[in-house]
Amino acid sequence: MKNITCLLASILLAIVVQAQELKLKPRKADALGGTAFAHSISDSTLSLVAREEIIFREIKNGNVPSFLRKFQKIVSKATIDNKDYELVFFVLPDYLAIGHNDDYFYMPMTPILAQKVANLLHCSLPTRKITDLIDQNATLKLTPQPIPPSKAMTTVPVFITHNDLVKQQMQPYLSQHANGALTVGNKKDIVISNKIYGETTPRVVIYGWHQLDGKPIQPLYNKHTNTWADYSHGVRLVQNTMWLNGKKTTLAKILADPLLSQLLSDEGIIEKSYYPVFDNY
């Protein structure tokens with residue numbers, strides 16, 4: 063009986079794996095392509111809040127490429143107190159973008175907006191450990207292309223410049239990418255961490271931008287406030303629902319558990335596995 067139960071659980075999980083898609087509206091035929099959208103928000107007189115309201119509306123309306131709509135499976139394993147654990151979870155194959163497969167724009171955003179988008183789509187942002195696991199499992203690895211720091215790095219024209227650099231780099235891999243290959247090296251991650259809180263003002267915590275040898279350019283960093291967004295920021299969504307040894311659970315429950323948290327975190331427990339969300343910030 064136990065063997066039959068385990069077999070049924072395995073079959074059910076296999077079915078679930080095939081069905082993990084981003085819960086978004088279909089993209090409208092007349093929706094803006096990535097290039098047109100980027101230029102539509104590049105007016106220097108547009109406030110950050112207004113810009114992010116436009117971005118949120120565009121994502122909510124389904125203007126997201128098809129290559130980003132199907133999640134990729136990641137598995138984290140560990141032996142804890144002499145018991146084996148296997149955690150199955152799902153992540154976007156690339157960083158969140160606006161547009162369609164042939165014309166998309168990677169969308170840097172503040173963690174405030176990133177969390178709003180994650181909430182909308184029943185997702186979370188990754189931890190540092192999840193980011194490392196994604197890099198280890200990626201099939202399409204790009205060499206990072208940092209732009210020298212400047213006051214302009216938070217402006218849309220620089221976002222566009224970096225987007226163009228990455229898309230040029232992607233040219234040899236267009237078919238692989240369009241089919242949802244797990245992709246890394248093009249951005250650093252906005253991550254959830256215990257370092258979000260504890261300061262006078264909540265922080266954005268960034269990490270990653272792994273090089274081809276697996277070493278991250280960006281260590282875990284929280285020196286910017288949560289209204290900071292520069293060209294290097296990528297939003298990688300992680301589905302909230304996960305499967306621990308075949309049983310359904312959530313990212314928040316795993317991260318709040320003193321033992322199980324090590325499956326997803328190298329910081330120990332992360333009780334607040336989210337960024338604070340504000341209107342009119």
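For the sequence shown, the numbering used here assigns the number 63 to the initial residue and increments by one for each residue that follows.
C-beta: ideal position from N, C-alpha, C; glycine also.
query, result
"For G242, three-class secondary structure by DSSP", "coil"
"C-beta contact flag for D156 and G95 at 8 Å", "no"
"Burial state of K257, where buried means 16 or more other Cβ atoms lie within 10 Å", "buried"
"Distance, L322 Cα to N144 Cα", "13 Å"
"Candidates L158, D319 and T141, of which the one nearest F133 by Cα", "L158"
"Reference K191, options P173, G247, I209 and L325, closest by Cα", "L325"
"contact_flag[the stretch 277-295, the stretch 236-246] where n(CB pairs < 8 Å) is 3 or more", "no"
"Short Cβ contact (8 Å threshold) for Q207 with L227", "yes"
"Bridge partners - E148, DSSP secondary structure assignment", "K139"
"Inter-residue Cα distance where the pair is P338 and V266", "10 Å"
"Separation of G124 from S317, as counted between CA atoms", "Residue 317 is actually Leu in this sequence, not Ser. Cα-Cα distance, rounded: 30 Å."
"E261 (DSSP reduced to helix, strand or coil)", "coil"
"Length of the line joining the Cα atoms of T189 and Q301", "13 Å"
"Cα-Cα separation, L274 to Y343", "37 Å"
"Between the CA atoms of L244 and S138 - distance to the nearest angstrom", "16 Å"
"For M304, three-class secondary structure by DSSP", "strand"
"First and last residue of the uninterrupted alpha helix (DSSP H) at N225", "V218 to M232"
"Cβ-Cβ distance between K249 and H295 below 8 Å", "yes"
"V339 (DSSP reduced to helix, strand or coil)", "coil"
"T217 at chain B interface by Cβ criterion, 8 Å", "Judged by its chain identifiers, the structure shown contains no chain B, having just a single protein chain."
"Which listed residue (F118, L108 and L110) has its alpha carbon closest to that of L86", "F118"
"Range covered by the alpha helix (DSSP H) that runs through L317", "L313 to A318"
"Buried versus exposed call for G330 [16 or more other C-beta atoms within 10 Å across all chains shown]", "exposed"
"Limits of the unbroken beta strand (DSSP E) element including H162", "A159 to H162"
"Simplified DSSP state of I192, which is helix, strand or coil", "helix"
"As assigned by DSSP and simplified to three states, the class of I174", "helix"
"C-alpha distance - V246 paired with D197, whole-angstrom precision", "6 Å"
"Whether Y336 touches I209 by CB criterion (8 Å)", "no"
"Nearest residue (CA-CA) to G308, options K122, A314 and V150", "V150"
"Exposed unless 16 or more other CB atoms sit within 10 angstroms - verdict on L182", "exposed"
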